[in-house]
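There are 2 protein chains.
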Amino acid sequence: MAETTTFREVMAEIIQRITEGPWGPGSLLPGEVELAEEFGVSRTTMNRALREVSELGFLDRKRKAGTRVRMAPIRQARFEMPVVRAEIEKTGAQYRYQLVSRAVIVAPDWLRARMRLKARDKVVHLVCLHFADGVAFQLEDRWINASALPQAVEQDFSAVGPNEWLVATVPFSEVEISFLAAAADARMVAHLGHAPGDPVFCIERATWWQNAAVTLVTLAHRQGYRMTTRY
Amino acid sequence: MAETTTFREVMAEIIQRITEGPWGPGSLLPGEVELAEEFGVSRTTMNRALREVSELGFLDRKRKAGTRVRMAPIRQARFEMPVVRAEIEKTGAQYRYQLVSRAVIVAPDWLRARMRLKARDKVVHLVCLHFADGVAFQLEDRWINASALPQAVEQDFSAVGPNEWLVATVPFSEVEISFLAAAADARMVAHLGHAPGDPVFCIERATWWQNAAVTLVTLAHRQGYRMTTRY
DNA sequence: ATGTTTATTATGTCTACACATAAGGAGTCG
DNA sequence: CGACTCCTTATGTGTAGACATAATAAACAT
Numbered sequence: 123m124a125e126t127t128t129f130r131e132v133m134a135e136i137i138q139r140i141t142e143g144p145w146g147p148g149s150l151l152p153g154e155v156e157l158a159e160e161f162g163v164s165r166t167t168m169n170r171a172l173r174e175v176s177e178l179g180f181l182d183r184k185r186k187a188g189t190r191v192r193m194a195p196i197r198q199a200r201f202e203m204p205v206v207r208a209e210i211e212k213t214g215a216q217y218r219y220q221l222v223s224r225a226v227i228v229a230p231d232w233l234r235a236r237m238r239l240k241a242r243d244k245v246v247h248l249v250c251l252h253f254a255d256g257v258a259f260q261l262e263d264r265w266i267n268a269s270a271l272p273q274a275v276e277q278d279f280s281a282v283g284p285n286e287w288l289v290a291t292v293p294f295s296e297v298e299i300s301f302l303a304a305a306a307d308a309r310m311v312a313h314l315g316h317a318p319g320d321p322v323f324c325i326e327r328a329t330w331w332q333n334a335a336v337t338l339v340t341l342a343h344r345q346g347y348r349m350t351t352r353y
Numbered sequence: 123m124a125e126t127t128t129f130r131e132v133m134a135e136i137i138q139r140i141t142e143g144p145w146g147p148g149s150l151l152p153g154e155v156e157l158a159e160e161f162g163v164s165r166t167t168m169n170r171a172l173r174e175v176s177e178l179g180f181l182d183r184k185r186k187a188g189t190r191v192r193m194a195p196i197r198q199a200r201f202e203m204p205v206v207r208a209e210i211e212k213t214g215a216q217y218r219y220q221l222v223s224r225a226v227i228v229a230p231d232w233l234r235a236r237m238r239l240k241a242r243d244k245v246v247h248l249v250c251l252h253f254a255d256g257v258a259f260q261l262e263d264r265w266i267n268a269s270a271l272p273q274a275v276e277q278d279f280s281a282v283g284p285n286e287w288l289v290a291t292v293p294f295s296e297v298e299i300s301f302l303a304a305a306a307d308a309r310m311v312a313h314l315g316h317a318p319g320d321p322v323f324c325i326e327r328a329t330w331w332q333n334a335a336v337t338l339v340t341l342a343h344r345q346g347y348r349m350t351t352r353y
């Protein structure tokens, strides 16, 4: 079948030559035209192949300077961040959601500073649990800006989780995600089964829409949780 | 002189329409031909723009089904993982490296299992510190497979860090990266200034080359460290 | 020797066109 | 009604050619 060579095949061969072949770290590759000729493809296709390999982090490309193999190849890691439900159901486990607490209050100072809220802005504070096969998997601590999203005050989050509700309700224009290690507080001890002070892997995500704060969420994970990616 | 519209401009407009405009979550976009006509570009360019926006995680594309706005837009997070030296020097701080300990031993059982080593394989065990302006920033705990890399036994790591040495010496074909929260052990207490049991943000990276284990490294960070990314 | 201009060159990107491929949907048949 | 086939359609990808742009290197002037 493969009469024409695809850019994917070219990519595979390029990566092969980088990882196991003659193109060691730091070495300079031949130019696009020369490579295109060697592989029997058009320069367009060769360009696509080289661009994609470069996006994978293997190559460094600069006009005039040429294409060079990166010294430190793994400069970026992509992490899939599925919705909890999907992450749990993918493992074959059964997903269950539970609302722990819900309150509408005036935003505390630290939250105002963190999310650039105005004084006296009201927020909805939610605490929820996500279970995998009945075992607590993730504790969600979420703040929603009620000034920007008045609907959030009416919304009853006992059935549908705030994440799924938000995602279907409001767009976003700015996102900030952090990974960090925290010490288990009383709430985590109560719901996730940690001992007080245990290290907990947390993801914090802040979202804005047109400069207005939408939501801040901290996701605390069960003990021993790892976020892993492979190449 | 922007006589011709670039795919980047098209991308920006598309993202605008998704995040703040008429194309809400779940909505179906017009076909490539129609959009190309509207924007006054070729289908090739429109395809490139849509493909890249889709790679950013905003769109879902399927043949025949068309292009649809993702319900959960932030499905993947990209984290830059620079070499420590670069990460530190980027902040303007001065970088310093120090070798703490070095030993050549037979691989312990847990390491053999973790890295698929053969029985009685020897490994080089290194502990190193990376300082930013004289303050300990990262503690590196590294194992190098001496059977696959005999040069590592000869190498004196007192001046140049093992990471920089490895990167310039050996290629790789398989990488596994994990993020996790661990409790500070004695070594971290001694070198990073934690209290025993404090939560520590760790990165673990395992590397193979042609199915042979190359190295396993755990990078423990100073207290309060966060890995952050923004959109 | 040093700073400035100019040419060269490799990558970046747009266009127009053609064919490939996956998958939804209509129509057909048991 | 269900299962199958076939057609249609939107995206996926390859080609050839042209111009744009950044960055190095060479030539030049100070």
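Going down the list, the sequences are from chains A and B. My numbering puts the first residue of the first sequence at 123, with every later residue one more than the last. My numbering puts the first residue of the second sequence at 123, with every later residue one more than the last. Note that the Cβ used here is the ideal one computed from N, Cα and C, for glycine as well.
Whole-angstrom distance between residue j and residue i, CA atom to CA atom
{"i": "A334 (chain B)", "j": "L221 (chain A)", "result": "48 Å"}
{"i": "V228 (chain B)", "j": "A208 (chain B)", "result": "33 Å"}
{"i": "H316 (chain B)", "j": "R170 (chain B)", "result": "49 Å"}
{"i": "R234 (chain B)", "j": "P284 (chain A)", "result": "44 Å"}
{"i": "G319 (chain A)", "j": "R236 (chain A)", "result": "24 Å"}
{"i": "W265 (chain A)", "j": "G153 (chain B)", "result": "38 Å"}
{"i": "A305 (chain A)", "j": "F323 (chain B)", "result": "11 Å"}
{"i": "Y267 (chain B)", "j": "D255 (chain A)", "result": "Here the sequence assigns Asn to residue 267 (chain B), which means Tyr is not the residue at that position. Approximately 39 Å, taken between the alpha carbons."}
{"i": "W232 (chain B)", "j": "F301 (chain B)", "result": "19 Å"}
{"i": "T189 (chain A)", "j": "P230 (chain A)", "result": "52 Å"}
{"i": "I136 (chain A)", "j": "T329 (chain A)", "result": "39 Å"}
{"i": "V132 (chain B)", "j": "K240 (chain B)", "result": "54 Å"}
{"i": "S269 (chain A)", "j": "D243 (chain A)", "result": "6 Å"}
{"i": "F276 (chain A)", "j": "R192 (chain B)", "result": "Before going further, note that residue 276 (chain A) is Glu rather than Phe in the sequence given. If you take the alpha carbons of E276 (chain A) and R192 (chain B), they lie about 26 Å apart."}
{"i": "A124 (chain A)", "j": "E160 (chain B)", "result": "Residue placement at A124 (chain A) cannot be trusted, given a pLDDT of 46 that sits under 50; what the coordinates show is reported in the next sentence. Going by the C-alpha atoms only, they are around 35 Å apart."}
{"i": "R309 (chain A)", "j": "C250 (chain A)", "result": "11 Å"}
{"i": "G143 (chain A)", "j": "Y353 (chain B)", "result": "36 Å"}
{"i": "Q332 (chain A)", "j": "L178 (chain B)", "result": "19 Å"}
{"i": "P272 (chain B)", "j": "I299 (chain B)", "result": "24 Å"}
{"i": "A158 (chain A)", "j": "R130 (chain A)", "result": "14 Å"}
{"i": "T278 (chain B)", "j": "Y347 (chain B)", "result": "According to the sequence shown, residue 278 (chain B) is Asp rather than Thr. Those two C-alpha atoms are separated by around 30 Å."}
{"i": "V311 (chain B)", "j": "A303 (chain B)", "result": "15 Å"}
{"i": "Y217 (chain B)", "j": "L150 (chain A)", "result": "29 Å"}
{"i": "T351 (chain A)", "j": "T166 (chain A)", "result": "31 Å"}
{"i": "L288 (chain A)", "j": "V175 (chain B)", "result": "21 Å"}
{"i": "Q138 (chain B)", "j": "W145 (chain B)", "result": "9 Å"}
Nearest-angstrom Cβ-Cβ length linking residue i and residue j, presumed shorter than 8 Å
{"i": "A281 (chain B)", "j": "H247 (chain B)", "result": "With 8 Å as the limit, A281 (chain B) and H247 (chain B) do not qualify as a contact, their Cβ atoms being about 18 Å apart."}
{"i": "D376 (chain B)", "j": "T340 (chain B)", "result": "Outside the displayed range of chain B (123 to 353) lies residue 376 (chain B), so it cannot be described from this structure."}
{"i": "V155 (chain B)", "j": "T127 (chain B)", "result": "Not quite, the Cβ-Cβ distance comes to about 16 Å (not below 8 Å), so this is no contact."}
{"i": "R344 (chain B)", "j": "F259 (chain B)", "result": "5 Å"}
Partners in chain B for residue i, counting only beta-carbon separations shorter than 7 Å
{"i": "E296 (chain A)", "result": "Y353"}
8 Å Cβ cut-off: residues of chain B touching residue i
{"i": "G283 (chain A)", "result": "Neighbours of G283 (chain A) on chain B: none; closest Cβ ~12 Å, over 8 Å."}
Beta carbon proximity, residue i to chain A, threshold 7 Å
{"i": "M363 (chain B)", "result": "Residue 363 (chain B) lies beyond the stretch modelled for chain B, which goes from 123 to 353, so this question has no answer here."}
{"i": "S164 (chain B)", "result": "no"}
{"i": "S300 (chain B)", "result": "yes"}
{"i": "A258 (chain B)", "result": "no"}
Neighbour flag for residue i against chain B, beta carbons, 7 Å
{"i": "F323 (chain A)", "result": "yes"}
{"i": "R234 (chain A)", "result": "no"}
{"i": "V246 (chain A)", "result": "no"}
Under 9 Å by beta carbon: chain A residues contacting residue i
{"i": "G319 (chain B)", "result": "A305, G319, D320, P321"}
Residue i: contacting residues in chain A (beta-carbon distance under 7 Å)
{"i": "Q332 (chain B)", "result": "E142"}
Check: For the region 166-228 of chain A, which segments carrying the alpha helix (DSSP H) assignment without a break, of at least 4 residues, lie completely within its bounds, in sequence order?
Finding: Runs of the alpha helix (DSSP H) inside the region 166-228 of chain A: 206-212.
Item checked: Runs of beta strand (DSSP E) lying entirely within the region 260-347 of chain A, each at least 3 residues, in chain order -> Assignment of beta strand (DSSP E) within the region 260-347 of chain A, counting only whole runs of 3 or more residues, yields 296-305, 321-331, 334-343 in chain order.
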